[in-house]
DNA sequence: CGATACGTTGATCCATTTCAAGATTGGTGG
DNA sequence: CCACCAATCTTGAAATGGATCAACGTATCG
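Protein chains in written order, with this note's numbering: chain H, 22 to 273; chain G, 22 to 273.
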């Protein structure tokens, strides 16, 4: 997958409300990226508590939000290309979690002063940015639900199905597989289980024909069955399927 | 506690960035409440999937966000007076969860067309509203963390300490106690455990002198010890203590 | 080719669920 | 005011999912 053969912000809100963005706004957003940076090894882009002067657009690869407590790392969110990873850092100023790259990652940086200008002069685009942070919150809520509701196999299934859908929105999923660069330790950090237990869960699900990992990808032989293990209902992802949202946003 | 001896929106952002609101903005917000409604029995104000034409300001009492899946209810967030409970419903339009009252509850309704006007004419107040939804998201993240990190006693301790702090922000907490109208079943729905297990956990914590429930209140004999059981770090609540946030918001 | 991260396995212990039932409380109508 | 009903809280015993401790295999890469 080439890293630079498409606009750097071309995936923002793709599959969601991107069609609500006017061409002018798309160009403006693209021009707001001041610099890009490529990480080829795990790296903490922003640390919890830091005061950020810029926000990060994920262009390619994966990024996790993590918090380390009592010496143990916990992953509280995962980002895919097109995500405005720490847009909330603009209004919140200091973040309550770390932003860490996973595998090879290309990001673009948007200085906060350019966001200030958008807030002042581009109310429609500003609304779209607000909407983007609300989507994050909706995903948070689903994670809360899955942690309350499911045990290890369901949690893992849910994580995979969610990532597949989000990658599909931005054109990065195959029908029966998608990239999955997280290690088992990282998966366990995101599922709230021990790495050991997650490993056994993976084996059981593999033997059951639900998932299979190989070379940074996950294979999903039977999506419907995996969804049912995950009790997955994708409406929280607010995809384009629900055309109403875009219209509602326009009417704002 | 009288229900109407203070402005209906007087607690919005209190303890957070309310001091960043100009008097004009405070008056404007107050005038945006079209009607109020008092619930004396459990009630679902808005149902998941519904298209809302107004948002709900919680004036007094408690409200939970819940999702029912596989016939089991899960609580994914709890609101205290001053919270703009479903402000995100304005931009998201349809909600991904229910909004249910807990005990006696007084709410105010703000029609969405008045929010549209704010978006157009009041950029500073609009930013504050955005900030309010980002606070919600920060609380979501902490819930994810607590579910990944803690077991039953820690989760319950965390829930209580968080609610105590949020009530304290709006002047509704006593030094060693606060209102706690949730039943044990509801607490278990919010902690991701069985009601039975939560009951045993409550007993153990009571015997240990950590918490005690009586007549809709929770007593906290030793806040520091409870915080340590909860591994509590309140920075995610973005309280006034961090004056920088308000200033950052003004500079936006 | 050795270091280092990653994946795998076994055995034991503990937290939590499940099923089943009883006790307590609060509210309502007679 | 009491009787009764429903919701809430409480307890017991057995089954299970997951954590923990301690290894060992296996990629991968400089």
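Quick reminder that beta carbons are idealized off the backbone N, C-alpha and C, glycines included. What you are looking at is a predicted structure, and each value in this text was computed from that prediction instead of being measured.
Check: Continuous beta strand (DSSP E) stretch holding residue 122 of chain G: start and end; Outcome: 119 to 132
Check: Chain H contacts made by the region 133 to 144 of chain G, where a contact means CB separation under 9 Å; Outcome: 133, 136, 137, 140, 141, 144
Check: Reduced DSSP category for residue 143 of chain H - H, G, I as helix; E, B as strand; rest coil; Outcome: coil
Check: Residue 71 of chain G - DSSP class collapsed to helix/strand/coil; Outcome: coil
Check: Rounded C-alpha distance that separates residue 208 of chain G from residue 139 of chain G; Outcome: 37 Å
Check: Residue-level contact to chain H via CB, residue 83 of chain G, 9 Å cutoff; Outcome: no
Check: Alpha carbon of residue 24 of chain G to alpha carbon of residue 62 of chain G, nearest angstrom; Outcome: With a pLDDT of only 45 at residue 24 of chain G, under the threshold of 50, the placement of this residue in the model should not be trusted, and no figure is reported.
Check: Under 8 Å by beta carbon: chain G residues contacting residue 304 of chain H; Outcome: The question about residue 304 of chain H has no answer, for chain H in this structure spans 22 to 273.
Check: Collapsed DSSP secondary structure at residue 168 of chain G in the structure displayed; Outcome: helix
Check: Strand pairing of residue 195 of chain G, partner residues [DSSP]; Outcome: G:198
Check: Three CB pairs or more closer than 8 Å across the region 109 to 123 of chain G and the region 179 to 198 of chain H; Outcome: no
Check: One or two residues paired with residue 255 of chain H in a DSSP bridge; Outcome: Per DSSP, none; premise fails for residue 255 of chain H.
Check: Near-chain H residues of the region 167 to 191 of chain G - C-beta to any C-beta below 7 Å; Outcome: 168, 169, 170
Check: Opposing strand residues paired with residue 96 of chain G [DSSP bridges]; Outcome: G:87
Check: Same chain, Cβ closer than 6 Å to residue 64 of chain H, neighbours up to 5 away in sequence not counted; Outcome: 122
Check: Residue of H:46, H:106, H:175, H:246 minimising C-alpha distance to residue 156 of chain H; Outcome: H:106
Check: Pick from H:66, H:91, H:93, H:96 that is closest to residue 110 of chain H, judged by C-alpha positions; Outcome: H:66
Check: Environment of residue 215 of chain H [buried if 16+ CB atoms lie within 10 Å]; Outcome: exposed
Check: Contact residues within the region 209 to 231 of chain G, judged by C-beta distance below 7 Å to chain H; Outcome: 213
Check: Residue 43 of chain G, enclosing alpha helix (DSSP H) - first and last residue; Outcome: Run containing residue 43 of chain G: none; DSSP gives neither H nor E here.
Check: Best match in H:218, H:201, H:263 for proximity to residue 233 of chain H [C-alpha to C-alpha]; Outcome: H:201
Check: Collapsed DSSP secondary structure at residue 29 of chain G in the structure displayed; Outcome: coil
Check: Exposed unless 16 or more other CB atoms sit within 10 angstroms - verdict on residue 218 of chain H; Outcome: exposed
Check: Where residue 37 of chain G meets chain H, residues with beta-carbon distance less than 8 Å; Outcome: The premise fails here: residue 37 of chain G is roughly 11 Å from chain H at the closest Cβ pair, so nothing lies under 8 Å.
Check: Which of helix, strand or coil DSSP assigns to residue 232 of chain G; Outcome: coil
Check: Length of the line joining the Cα atoms of residue 75 of chain G and residue 43 of chain H; Outcome: 27 Å
Check: C-beta atoms of residue 91 of chain G and residue 40 of chain H nearer than 9 Å; Outcome: no
Check: Within-9 Å CB hit, residue 159 of chain H to chain G; Outcome: yes
Check: Per-residue burial, residue 163 of chain H [other beta carbons within 10 Å of its own, 16 or more giving buried]; Outcome: buried
Check: Reduced DSSP category for residue 58 of chain G - H, G, I as helix; E, B as strand; rest coil; Outcome: strand
Check: At least 3 beta-carbon pairs within less than 8 Å: the region 128 to 143 of chain H vs the region 48 to 60 of chain H; Outcome: yes
Check: Beta-carbon spacing of residue 116 of chain H, residue 69 of chain H below 9 Å; Outcome: yes
Check: Selection from H:114, H:126, H:211 that minimises the alpha carbon distance to residue 72 of chain H; Outcome: H:114
Check: Unbroken alpha helix (DSSP H) run spanning residue 246 of chain G, endpoints; Outcome: 244 to 250
Check: Under 8 Å from the C-beta of residue 65 of chain G: neighbouring residues of chain H; Outcome: Within 8 Å Cβ-Cβ: nothing; residue 65 of chain G doesn't reach chain H, min ~17 Å.
Check: Simplified DSSP assignment, three categories, for residue 115 of chain H; Outcome: strand
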